[in-house]
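Okay, structure first, notes after.
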Amino acid sequence: IPIVDVRDVSKTYLSQGRRTEALRGANLTVQRGEFVCLLGASGCGKSTLLRIVAGFEATTAGEALMWGKPIPGPGPSRGMVFQDYGLFPWLTVRDNIGFGPNSRGRPAAEVRETAARYIDLVGLGQFADAYPHQLSGGMKQRVAIARVLANEAEVVLMDEPFGALDAMTRERLQDELLELWSRTGLTVLFVTHAIEEAIVLADRIVLMSPGPGRIEAVHTVDLPRR
Ligand code: ADP
Ligand code: ADP
Numbered sequence: 006i007p008i009v010d011v012r013d014v015s016k017t018y019l020s021q022g023r024r025t026e027a028l029r030g031a032n033l034t035v036q037r038g039e040f041v042c043l044l045g046a047s048g049c050g051k052s053t054l055l056r057i058v059a060g061f062e063a064t065t066a067g068e069a070l071m072w073g074k075p076i077p078g079p080g081p082s083r084g085m086v087f088q089d090y091g092l093f094p095w096l097t098v099r100d101n102i103g104f105g106p107n108s109r110g111r112p113a114a115e116v117r118e119t120a121a122r123y124i125d126l127v128g129l130g131q132f133a134d135a136y137p138h139q140l141s142g143g144m145k146q147r148v149a150i151a152r153v154l155a156n157e158a159e160v161v162l163m164d165e166p167f168g169a170l171d172a173m174t175r176e177r178l179q180d181e182l183l184e185l186w187s188r189t190g191l192t193v194l195f196v197t198h199a200i201e202e203a204i205v206l207a208d209r210i211v212l213m214s215p216g217p218g219r220i221e222a223v224h225t226v227d228l229p230r231r
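Per full-length UniProt numbering, the very first residue in the sequence shown carries number 6; after that it's consecutive.
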């Protein structure tokens, strides 16, 4: 049974009297432990698909399942990492990373221990008491990744997470993410429009056809196992 199963999903946005068909009959399955890249041109519906899996958007038709059950809405099992980091500027690195466990009522000592573990995992030990504005872009994205992991994400959903970083930092973060993935057995669903990024990262590439409202096919490319 796949961890994520998107079945015949269509999505039409209605805003200010305008209809935009973003997805039509899209299908996607992700197995536990896979690193899947959703690749396609801007506007083809990648973010929409990711946001449906995150539970931020409802489908117009079809269904999105996690472990065979309908995705009810946003939840910690599907942690989202955004291009613009989305850190809480008023919280330190430690408190950003501990935010999820803390808000779910875990005891303070456990929150601290969990935060420390994930701070170490992404190599930010010296920056535990720093605030986001004191960090470089690469460091902020490390915090964002640690935060979803500390919140026990089963699938990490990443929407062009390295798009705002310079090329060298992006390469370093890609390497670190792959290292983390192979070491921890994470499941990753990663959206990008850059084929070179998909080729470096993915276990499997899901190619979406271009053109809004024209997502008739999602092609899958299986890459040799690393
Ligand atoms: P991608 O991530 O591949 O760039 P998106 O999923 O963001 O594609 O967008 C697919 C289509 O849906 C585009 O035409 C976009 O303009 C439209 N769209 C996305 N989000 C909204 C929204 N909240 N309201 C209206 N239209 C939207
Ligand atoms: P990026 O990946 O965004 O290029 P890194 O996280 O690789 O940045 O940081 C490069 C080095 O610069 C790190 O070893 C870090 O210690 C140092 N550094 C970056 N930003 C700061 C800062 N605001 N204060 C102190 N040291 C910093």
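Glycine is no exception: its CB is placed at the ideal position from the N, C-alpha and C atoms. As the structure is a computational prediction, the values presented were derived from the model and not from experiment.
Inset, instruction - Using 10 angstroms around the beta-carbon of Leu182, count the other beta-carbons present and answer buried if the total reaches 16, otherwise exposed. - result: Around the C-beta of Leu182, 16 or more other C-beta atoms lie within 10 Å, and the residue is accordingly described as buried.
Legend entry - Proximal residues to Ile124 (C-beta, below 7 Å), its chain only, five neighbours per side dropped: Val98, Arg99, Ile102, Gly130, Ala133, Ala151, listed in sequence order.
Legend entry - Cβ-Cβ separation, Asp13 to Gly67 (assumed contact under 8 Å), whole Å: Approximately 4 Å separates the beta-carbon atoms of Gly67 and Asp13; this is inside 8 Å, confirming the contact.
Inset, instruction - Quick one: give me the first and last residue of the alpha helix (DSSP H) that Tyr123 is part of. - result: Per DSSP, Tyr123 belongs to the alpha helix (DSSP H) from 113 to 126.
Inset, instruction - Classify Ala114 as buried or exposed, calling it buried when 16 or more other Cβ atoms lie within 10 Å of its own Cβ. - result: Only exposed fits Ala114, as fewer than 16 other CB atoms lie within 10 angstroms of its CB.
Legend entry - Per-residue burial, Ile200 [other beta carbons within 10 Å of its own, 16 or more giving buried]: Exposed, since its Cβ has fewer than 16 Cβ neighbours within 10 Å.
Inset, instruction - Tell me, please, which residues DSSP counts as bridged to Val35. - result: Looking at the DSSP assignment, Val35 forms a beta bridge with Val9.
Inset, instruction - Might you give, ordered along the chain, the residues of its own chain that have their beta carbon closer than 6 Å to the beta carbon of Arg175, omitting 5 neighbours on each side? - result: By the criterion of a C-beta distance shorter than 6 Å, Arg175 is surrounded in its chain by Phe167, once the five residues flanking it on both sides are discounted.
Legend entry - Sequence-ordered residues whose beta carbon comes within less than 6 Å of a heavy atom of ligand 1: Proximity to ligand 1 was defined by a C-beta distance below 6 Å to any of its heavy atoms, and the residues meeting it, in sequence along the chain, are Tyr18, Ser20, Thr25, Ala27, Gly45, Ser47, Gly48, Cys49, Gly50, Lys51, Ser52, Thr53, Pro217.
Inset, instruction - Just grab the DSSP bridge partners of Ser15 for me. - result: BP columns for Ser15 point to Ala66.
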